[in-house]
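Residue numbers for the sequence shown, in my numbering: 12 to 527. Quick reminder that beta carbons are idealized off the backbone N, C-alpha and C, glycines included. Nothing here was measured: the structure is a model prediction, and the numbers come from that model. Worksheet for the structure shown next.
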Amino acid sequence: MLEAIWIGFAFSLGLVVRAIGLPPLIGYLVAGFAISATATDISMPPEGPSIIHHIAHLGVLLLLFTVGLKLNVRSLSKPEVLGGSTLHFALSIVLILPATLFIFDVSWYQALMLAVALAFSSTVLAAKVLESKRELRAFHGRVAIGILIVQDLLALLVMSLASGTTPSPWALLVFGLPLLRPILYKLLDASGHEDLLILFGLLLALVIGGQGFELVGLSSELGALVFGAMLAKHPRAGELSKSLWSIKEFFLVGFFLQIGIDGLPDANAWLFAGVMTLLLPLKAILFFLLLVMFKLRARSAFLTSISLTNYSEFGLIVASVVLPEWLIPLALTVALSFVISAPLNRIAHPLYDKLCRQLLKFERNSHHPDEQPVSLGDAEVLIMGMGRTGTSAYSYLINSHKIIAMDSDPAKVAAHQKKGIHIFYADAEDQVFWQGLDFGQVKAVILSMNDVEAKSIAAKKLRDTGFSGFIVSHSMHDDEAKDIISAGADQTYLTMSEAGVGIAEHVKQHCFVAKA
12 MLEAIWIGFA FSLGLVVRAI GLPPLIGYLV AGFAISATAT DISMPPEGPS IIHHIAHLGV
72 LLLLFTVGLK LNVRSLSKPE VLGGSTLHFA LSIVLILPAT LFIFDVSWYQ ALMLAVALAF
132 SSTVLAAKVL ESKRELRAFH GRVAIGILIV QDLLALLVMS LASGTTPSPW ALLVFGLPLL
192 RPILYKLLDA SGHEDLLILF GLLLALVIGG QGFELVGLSS ELGALVFGAM LAKHPRAGEL
252 SKSLWSIKEF FLVGFFLQIG IDGLPDANAW LFAGVMTLLL PLKAILFFLL LVMFKLRARS
312 AFLTSISLTN YSEFGLIVAS VVLPEWLIPL ALTVALSFVI SAPLNRIAHP LYDKLCRQLL
372 KFERNSHHPD EQPVSLGDAE VLIMGMGRTG TSAYSYLINS HKIIAMDSDP AKVAAHQKKG
432 IHIFYADAED QVFWQGLDFG QVKAVILSMN DVEAKSIAAK KLRDTGFSGF IVSHSMHDDE
492 AKDIISAGAD QTYLTMSEAG VGIAEHVKQH CFVAKA
């Protein structure tokens with residue numbers, strides 16, 4: 012019965028919300044409140060909420076584990092990450108504290124704890140949105156995730172101080188975890204590519220990382236993140252992340268449901284949520300100004316700020332420890348912030364294009380290293396996106412033409428540069444990049460990015476900036492290929508079809524041409 016209620020409500024409302032152009036997760040939030048409102052009529056099992064809460068917790072652990080798989084720990088020490096997160100945390104409390112103290116009838120302690128709970132941004136929503144847009148490893152995605160991780164660590168500190176609990180002395184063993192990395196690498200290599208790989212990921216995220224950290228008095232969320240980060244440099248980290256994708260997505264539906272299942276809000280809860288929702292623009296503006304202060308360009312600062320313009324599920328966790336009577340108002344506040352943030356993130360790039368002239372005025376004269384080169388020199392072919400397809404194209408053409416490549420993943424760029432590949436960091440969706448780009452001698456562009464929207468944007472920008480050369484792209488589906496052609500590409504090749512043709516050509520050459 013519980014499965015029917017959960018899946019039925021989530022699917023139905025998710026489908027309705029998607030039909031009107033909003034992300035399905037908003038439908039899941041509404042489904043949670045609908046289940047709460049009709050729990051008696053639909054004969055919701057008494058143990059239903061606790062089961063959904065457990066599933067939601069597993070989803071969060073898996074999400075943080077996959078975030079850890081893509082995490083560069085050294086990025087947490089970057090000034091824009093460490094400084095931006097701590098300054099924003101402190102200034103947010105200063106801004107929210109007066110609003111909660113003077114508008115609502117609360118004590119100083121309650122006002123302070125509410126301000127702390129609302130100072131965080133949602134790791135779950137931001138990571139999910141960035142992952143769906145394939146921007147987790149883009150510069151602004153890495154900055155956003157870094158800030159969120161620092162915020163989560165601050166949340167864990169607040170909960171420990173507020174609850175009066177301290178970690179077990181055994182928690183010191185955590186500092187020895189790097190010694191286990193060679194063993195984890197061997198286990199990952201031995202797990203193959205199918206069911207054992209999935210079980211290995213679940214074992215680390217939920218059991219060793221999640222429950223293991225809880226046993227020594229630390230956060231299970233931190234444990235899942237740490238074990239993911241320990242495998243981040245392994246060549247198969249991406250494969251492990253993909254293998255867990257469907258399971259993680261299914262469990263995360265439970266997370267969004269459980270926000271609403273905790274109870275229906277009353278008038279005071281709606282008033283509180285409404286006031287706090289009105290303060291969301293201040294959160295975004297504060298993030299933008301701080302990141303620009305740390306020398307980020309306006310585009311990077313804007314996209315990072317948009318992904319962080321929401322309230323956090325960690326605020327609910329903090330409230331459950333220190334302010335349980337405020338859990339429902341905070342749950343409604345978080346839900347409303349998701350309703351605003353999710354569609355806002357969908358239009359983040361077009362929105363920046365419209366606002367870039369005003370936002371560029373806030374840039375500092377000196378720029379962060381994410382500033383991109385604008386000259387392609389004497390290259391004849393530009394390859395945009397250096398995954399497997401782009402790398403294969405580069406290897407094939409390098410002996411006969413002058414090639415230059417670009418990618419929006421700095422880690423991938425650094426790895427290719429070590430191999431002697433002529434590549435630079437750039438984001439095809441960056442308006443500023445296109446405005447100052449000098450094509451030089453480039454006659455052809457190969458679009459091999461993963462994201463279809465990025466390829467369409469790149470094709471359109473290439474034509475808008477006056478590039479008249481040949482543009483070719485790969486695609487997985489016919490409808491996507493048509494969109495890329497419409498945007499300005501000359502040709503598209505369906506990846507799987509071309510792979511089949513390539514295999515057939517090898518058979519023909521080996522079995523028939525050779526004999527002839």
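Residue 501 is classed as exposed because its beta carbon has fewer than 16 other beta carbons within 10 Å across all chains shown. Of all C-beta pairs linking the segment 321-336 to the segment 108-116, fewer than three are shorter than 8 Å, placing the two stretches out of contact. Minimum Cα-Cα distance from residue 466 among the listed residues 147, 498, 33, 159 corresponds to 498. Distance from the CA atom of residue 80 to the CA atom of residue 116, rounded to whole angstroms, is 44 Å.
If you look at residue 92, you'll find it in the alpha helix (DSSP H) that goes 90-114. For residue 503, there is no enclosing alpha helix (DSSP H); the enclosing beta strand (DSSP E) has its first and last residue at 502-505.
Distance between residue 29 and residue 20, taken at the CA atoms: about 14 Å.
Between the segment 354-367 and the segment 297-313 there are three or more C-beta pairs closer than 8 Å, enough to call the two in contact.
Of all C-beta pairs linking the segment 500-514 to the segment 422-433, fewer than three are shorter than 8 Å, placing the two stretches out of contact. For residue 395, the secondary structure class from DSSP, reduced to helix, strand or coil, is strand. Of the residues 179, 38, 338, 26, the one whose Cα lies closest to the Cα of residue 279 is 338. Minimum Cα-Cα distance from residue 430 among the listed residues 57, 406, 450, 445 corresponds to 406.
Going by DSSP, residue 120 is part of the alpha helix (DSSP H) stretching over 119-129. Bridge partners of residue 434 according to DSSP: 416. Residue pairing for residue 485: DSSP places it in a beta bridge opposite 504. The DSSP-derived three-state label of residue 457 is strand.
Between the alpha carbons of residue 445 and residue 492 lies a distance of about 23 Å. Around the Cβ of residue 518, a 10 Å sphere holds fewer than 16 other Cβ atoms; the residue is exposed.
In the structure shown, the three-state DSSP call for residue 179 is coil. For residue 337, there is no enclosing alpha helix (DSSP H), as DSSP marks it with neither H nor E.
Judged by their CB atoms, residue 387 and residue 453 are nearer to each other than the 8 Å cut-off. The beta carbon of residue 86 is closer than 7 Å to those of 92, 153, 157 in its chain, skipping five residues each way along the sequence.
Secondary structure of residue 462 (DSSP, three-state): coil.
Look at residue 386 here: in three-state DSSP terms it is strand. Per DSSP, the continuous alpha helix (DSSP H) segment holding residue 289 begins and ends at 278-289. Residues 259, 262, 263, 265, 266 of the same chain have their beta carbon placed closer than 7 Å to that of residue 70, with the five preceding and five following residues left out of the count. Counting along the chain, the unbroken alpha helix (DSSP H) around residue 231 starts and ends at 231-241. The Cβ neighbour count for residue 61, taken over all protein chains shown within 10 Å, is under 16; the residue is labelled exposed.
In the DSSP assignment, the residues bridged to residue 449 are 386. When Cβ pairs closer than 8 Å are counted between the two stretches, the segment 137-144 is seen not to touch the segment 287-303, the count staying below three. For residue 197, the number of other beta carbons within 10 angstroms of its own is below 16, and it is reported as exposed.
Residue range 35-48 is occupied by the alpha helix (DSSP H) that includes residue 39. In the three-state scheme derived from DSSP, where H, G and I count as helix and E and B as strand, residue 358 is classed as coil. The three-state secondary structure of residue 478, taken from DSSP, is coil.
When the beta-carbon positions are compared, residue 400 and residue 459 come within less than 8 Å of each other.
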